[in-house]
């Protein structure tokens, strides 16, 4: 691989990894709070459409990202009402919420864009080159000619790490995930915490979707998230629910995703179908290798109730 | 009542009066809550139709006409219902056992591939033998894929939901690679295989409705799964595991084996669905064998309250929605995606209702299984 191709590949890897890293941050928060983060897929998909709609109507990518966040949080709110407030089974309600996002975006696409999305009208997230640093050979163009969300993803990982592991709120969140009754006895409401974590996760998933739509794809197509929410979730598990490791795992899966395009460009004679499998296979292999060391939050999946069982 | 009291709440609740027993009885509350949830979901759908400027009455009229008006419509409903009944009944079995097999979609694709390989390349014997062999391979393919996911869960630990979801993409891409490449019929437009050999094609059972044998197989298979679940020791073990891993272990049930059986049965049913689609509905290996049937089947299983027999009715209803959705979109200008929204809302109402009433019957208790599943004593004894 020539140096130009290498730079190209690495930069593209960071680009495709960005949504995964953003989503993985939300996944970490949520699963540490004792809620399965399967709804990330739906949050991302909703974020995609929200971002495209917001960006096209206002003409600003920033406003688009904000709309993506709101859309992701809407999905999270539905999930919160069903699984936290009403105590519905988390796995099933997450799957239902994903289905809702799938159908809802298809429906809303027809309502908001009767003639389909014109990709040319969608404002794109621009890359920002950081002066001086971007002149460093190899590392410069790879690391310092990225878009704001990519820098933001690094910041979000650090923020999640800090909030989750070094603040009172994060401690409460983890307590709720481990032993909600103890948290409740000490005045930390498991429901409030989990609802908060869901909304935060929805915001992360929404941003991830927005970046996917406005930066990677530049338009909205039905079911465009295509399982990336699940890959982000695999990264969370592979990173053992630690934001830094989850972020690194998401980065790894992002590079696997970026291989797709590179294989085609380099003319490597492998069917594109097999190349498309790579990120999913990598996520699977990672989960298998991780093996029994995976340790979910102790109370994950259980709807908390004050009644004795 | 052949159901053991420890699993079914009916016996316990009967002491508190007939009304309360009825309220808590599986059959009655299933029916009431499922029907209510479906109607609420249809009402939400009506609101959405109205928002998008459609005429609600005309839309639902088109839905009913398209799903029930005349033999062709009924045939379409039952043809759409066939895979949903199969995967729905299998999913019901798996969820009852606390095994969250969400990989129906990928298992359908592999089942379709299994049937297609026999149906295209193995010209064997008279038609029943050929069909039987093809369907057997489709069941084996679906079950094997699900068992792989189950084994990963049991022996390595990661939750089967994530594993089956990721494995879906691998299976689908693999089958689509074959249909696009090596198995593609030369000269045809869209990527699809050659037509199945005549002896492998499922016969028509109702000519006016263009209905094939698949629906009969589906109903029989769902009934068999029901029998397995409620009237055999194996099924008792499955339901026990669904009530909680610890409890099942305490009762001396082989947890690992039971979990794998649940994955295998549900995977086999999904594979069979793919096989029937290939030998009956399409008669070719299609590029898009399934467009979310595996996920829709989860809705079927939940509306059926995880009862494989009720999955026949629920599957027929969702088949009706699919059959009627096409004319509804064409005639009444209802936007696409609406039927999916209706399904999602129905699921949400059902699980939220169940959560509200804290019905332990329904709480899919294997959520407490979170690490590798340790072998029980009985597992070890068997191995020794």
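Protein chains in written order, with this note's numbering: chain H, -11 to 297; chain A, -16 to 367.
Ideal placement from N, C-alpha and C gives every residue a C-beta, glycine not left out.
Cβ distance (whole Å) where residue i is taken to contact residue j below 8 angstroms
i	j	result
residue 70 of chain A	residue 276 of chain A	6 angstroms
residue 56 of chain H	residue 197 of chain H	5 angstroms
residue 199 of chain A	residue 291 of chain A	That belief does not hold up - the Cβ atoms of residue 199 of chain A and residue 291 of chain A are roughly 16 angstroms apart, past 8 angstroms.
residue 190 of chain H	residue 70 of chain H	The Cβ separation is near 13 angstroms, so there is no contact.
residue 9 of chain H	residue 141 of chain H	4 angstroms
Residue-level contact to chain A via CB, residue i, 7 angstroms cutoff
i	result
residue 264 of chain H	yes
residue 133 of chain H	no
residue 105 of chain H	no
residue -4 of chain H	no
residue 164 of chain H	no
residue 241 of chain H	no
residue 118 of chain H	no
residue 218 of chain H	yes
residue 38 of chain H	no
residue 1 of chain H	no
residue 19 of chain H	no
residue 79 of chain H	yes
residue 99 of chain H	yes
residue 272 of chain H	yes
Contact with chain H by residue i, beta-carbon distance below 7 angstroms
i	result
residue 227 of chain A	no
residue 141 of chain A	yes
residue 327 of chain A	yes
residue 67 of chain A	no
residue 92 of chain A	no
residue 339 of chain A	yes
residue 318 of chain A	yes
residue 159 of chain A	yes
residue 198 of chain A	no
residue 112 of chain A	no
residue 323 of chain A	yes
residue 144 of chain A	yes
residue 35 of chain A	yes
residue 14 of chain A	no
residue 132 of chain A	no
residue 46 of chain A	no
residue 203 of chain A	no
residue 238 of chain A	no
Three-way DSSP call (helix, strand, coil) for residue i in this model
i	result
residue 2 of chain H	helix
residue 16 of chain A	helix
residue 23 of chain H	coil
residue 35 of chain A	coil
residue 114 of chain A	helix
residue 168 of chain H	helix
residue 142 of chain A	coil
residue 167 of chain A	coil
residue 110 of chain H	coil
residue 234 of chain A	coil
residue 9 of chain H	helix
residue 358 of chain H	With chain H covering only -11 through 297, there is no way to say anything about residue 358 of chain H.
residue 210 of chain H	coil
residue 318 of chain A	coil
residue 204 of chain H	helix
Bridge partners - residue i, DSSP secondary structure assignment
i	result
residue 195 of chain A	A/187
residue 269 of chain A	A/175
residue 444 of chain A	Residue 444 of chain A lies beyond the range of chain A shown here (-16 to 367); nothing can be said about it.
residue 130 of chain H	Answer is none; residue 130 of chain H lacks a bridge partner.
residue 115 of chain H	H/135
Cutoff 6 angstroms; reference residue i; Cβ partners in own chain excluding five residues on either side
i	result
residue 227 of chain H	233, 234 and 237
residue 274 of chain H	226
residue 196 of chain A	185, 186 and 188
residue 20 of chain A	329, 332 and 333
residue 158 of chain A	92 and 96
residue 256 of chain A	66, 69, 70 and 91
Contacting residues, own chain, Cβ-Cβ under 7 angstroms from residue i (five flanking each side not counted)
i	result
residue 57 of chain A	51 and 192
residue 67 of chain A	276, 279, 280, 283, 298, 301 and 302
residue 231 of chain H	13, 16, 145, 148, 149 and 152
residue 107 of chain A	113 and 116
residue 37 of chain A	315, 316 and 317
residue 306 of chain A	49, 50, 56, 59, 60 and 63
residue 51 of chain H	42 and 43
Residues near residue i in its chain [Cβ-Cβ closer than 8 angstroms; skip 5 each side]
i	result
residue 324 of chain A	27, 28 and 31
Per-residue contacts from residue i into chain D (C-beta, under 7 angstroms)
i	result
residue 156 of chain A	In summary, chain D is missing from the structure at hand, where the protein chains are H and A.
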